[in-house]
Amino acid sequence: MDENKEFRQVHKVPVKKTKKPINKKAIAGLVLAIILAAGCIGGYYYVKNTKEADYVSKVTDGSKDLITGDATVSKQGYYEYLMDGSGASEIVSQALTKIANKELTTKADKTSIETETKALEDQYKNYMGSVKDYAKSVGYSSEEAFRKATLTPNAKQNALVKKYLTSKFTTAINKYKVSYVKYFTYEKESQVLKAIQSIKSEDDYKKLAEASSTSNDVGILSTKSSADSNLVKKASAFYKMKKDGVYGSAVKLSTGAYAVVYVYNTDRAAHKDDIVSALYKLDKVKTDINAYYLNKYHFTVYDNKMKKAIKEISKSYIKD
Numbered sequence: 001m002d003e004n005k006e007f008r009q010v011h012k013v014p015v016k017k018t019k020k021p022i023n024k025k026a027i028a029g030l031v032l033a034i035i036l037a038a039g040c041i042g043g044y045y046y047v048k049n050t051k052e053a054d055y056v057s058k059v060t061d062g063s064k065d066l067i068t069g070d071a072t073v074s075k076q077g078y079y080e081y082l083m084d085g086s087g088a089s090e091i092v093s094q095a096l097t098k099i100a101n102k103e104l105t106t107k108a109d110k111t112s113i114e115t116e117t118k119a120l121e122d123q124y125k126n127y128m129g130s131v132k133d134y135a136k137s138v139g140y141s142s143e144e145a146f147r148k149a150t151l152t153p154n155a156k157q158n159a160l161v162k163k164y165l166t167s168k169f170t171t172a173i174n175k176y177k178v179s180y181v182k183y184f185t186y187e188k189e190s191q192v193l194k195a196i197q198s199i200k201s202e203d204d205y206k207k208l209a210e211a212s213s214t215s216n217d218v219g220i221l222s223t224k225s226s227a228d229s230n231l232v233k234k235a236s237a238f239y240k241m242k243k244d245g246v247y248g249s250a251v252k253l254s255t256g257a258y259a260v261v262y263v264y265n266t267d268r269a270a271h272k273d274d275i276v277s278a279l280y281k282l283d284k285v286k287t288d289i290n291a292y293y294l295n296k297y298h299f300t301v302y303d304n305k306m307k308k309a310i311k312e313i314s315k316s317y318i319k320d
């Protein structure tokens, strides 16, 4: 189906034959609507008693033409088109950036933002050779516009996550049951139980691990890790161990093999930087932290359709 025709059908946009060009500046200036207890990001007004299938948020002068050509698209029509495509993620992103601006106020925070900015710049450079080339490849008019719209907000949001993990380290390791774990396996549970009885030190563990040829150093394990699911289920039990040593029971892995598990680096505070870095890389942890800040600032969405879309990203982002 012709894209313009499909767009008109979805949004019931009237056709108006004209040779006027698309108003790119008007498109770029369109602002998505969100509401935070901490303040508004605007360009809209609110309409009550609208069907749940429709957006209740309306842009100012929404009936005015924004795109002209084979099809005429109003500002409201284009706004709803954007909202359908990426509105939920954009609203959450804007909310988190606004929160980051309130939370990241110290000199250390500024340094963290600079560090995260540099990390993102390196990613873009590895992909396209330069930030400018990357910005151009994704449709931005300039590197400056890309930095303002995407790079800087993302850097701030990343710094916000790291600040939580650093400042609330004990809370984080308690919540995610963080431990350093390594293991080797046998086919039979009885072999594991015999090995456990013979292990009196880490050297004993290493000798048996080398002899088994199934040694696996997981490193940092948590309830959000992507390691063997049966190991993850035991994360709480491993976390309770306050001294380095072999776990007292055989752990049957999802493969069917039985594991001898050794828990090490139980002084987690001594490995804080590495643990923060590991948790930061887990998307599920980032989602939890984003939810913490959104709830802290009473993130509220009054548009039922948009609320549903945001809950599809994470149910924890909005409290009913």
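For the sequence shown, the numbering used here begins at 1 and goes up steadily by one.
Built from N, CA and C at the ideal position, the CB exists for glycine as well.
Since the structure is predicted, the reported quantities are computational estimates derived from the model, not experimental observations.
Between which two residues does the beta strand (DSSP E) harbouring Leu294 extend?
-> Note, Leu294: premise wrong, no beta strand (DSSP E); alpha helix (DSSP H) at 283-296.
By Cβ distance below 8 Å, which residues in the same chain neighbour Tyr127 in space, the five residues on each side in sequence not counted?
-> Non-local beta-carbon contacts of Tyr127 in its own chain, meaning distances under 8 Å to residues more than five positions away in sequence, involve Tyr134 in chain order.
Would you call the CB atoms of Ala259 and Ala250 closer than 8 Å?
-> Their beta carbons are under 8 Å apart, which means Ala259 touches Ala250 by this criterion.
Who are the near neighbours of Tyr292 in its chain, counting only those whose CB is closer than 8 Å to its CB and skipping five residues on each side?
-> Tyr164
Cβ-based neighbour list, Phe169, same chain, cut-off 8 Å, excluding 5 preceding and 5 following = Cβ neighbours of Phe169 beyond the five flanking positions: Ala269, Lys272, Ile275, Val276.
Spatial distance of Ser201 from Gln191 (CA atoms) | 18 Å
DSSP three-state call for Ile220: helix, strand or coil?
-> strand
Count the other C-beta atoms from every protein chain shown that fall within 10 angstroms of the C-beta of Ala309, then say buried if there are 16 or more, exposed otherwise.
-> buried
Looking at C-alpha atoms only, which residue of Asp203, Asp217, Asp283 is the closest neighbour of Thr223?
-> Asp283
Answer yes or no: do Asn216 and Tyr262 have a C-beta to C-beta separation smaller than 8 Å?
-> no
Opening and closing residue of the beta strand (DSSP E) in which Phe184 lies = Counting along the chain, Phe184 sits inside the beta strand (DSSP E) bounded by residues 179-186.
Among Ser212, Gln197, Lys240, which one has its Cα closest to the Cα of Val181?
-> Lys240
Measure the C-alpha to C-alpha separation of Lys188 and Ala211 and round it to an integer number of angstroms.
-> 16 Å
Residue span of the alpha helix (DSSP H) that contains Ala95, given as start and end | In this chain, the alpha helix (DSSP H) harbouring Ala95 covers 88-103.
Span of the alpha helix (DSSP H) around Val161 = 152-167
Whether Ala278 touches Thr185 by CB criterion (8 Å) | no
CA-CA distance, Asn304 and Lys98?
-> 22 Å
Taking the alpha-carbon positions, what's the Ala209 to Lys156 distance?
-> 43 Å
Leaving aside the five residues before and after Asn265 along the sequence, list all residues of the same chain whose C-beta is less than 6 Å from its C-beta, in chain order.
-> Excluding residues within five positions, the ones whose Cβ falls inside 6 Å are Tyr180, His271.
Length-filtered (4 minimum) alpha helix (DSSP H) runs lying within the region 216-270 | With a minimum length of 4 residues, the continuous alpha helix (DSSP H) runs that stay inside the region 216-270 are 229-233, 235-239.
Look up Val276 in the DSSP assignment and say whether it is helix, strand or coil.
-> Annotated three-state conformation of Val276 is helix, per DSSP.
Determine the closest residue to Ile173 out of Tyr280, Tyr302, Lys307, Val59, with distance taken between C-alpha atoms.
-> Tyr280
Selected residue, minimal CA-CA separation from Thr287, among Ser198, Val178, Ile318 | Ile318
In its own chain, which residues sit with a C-beta less than 7 Å from the C-beta of Glu144, not counting the 5 before and 5 after it?
-> none
Determine the closest residue to Lys75 out of Asp84, Ile220, Val59, Gly87, with distance taken between C-alpha atoms.
-> Val59
From Leu231, Asp320, Asn154, Ala88, residue whose alpha carbon lies closest to that of Thr115 = Asn154
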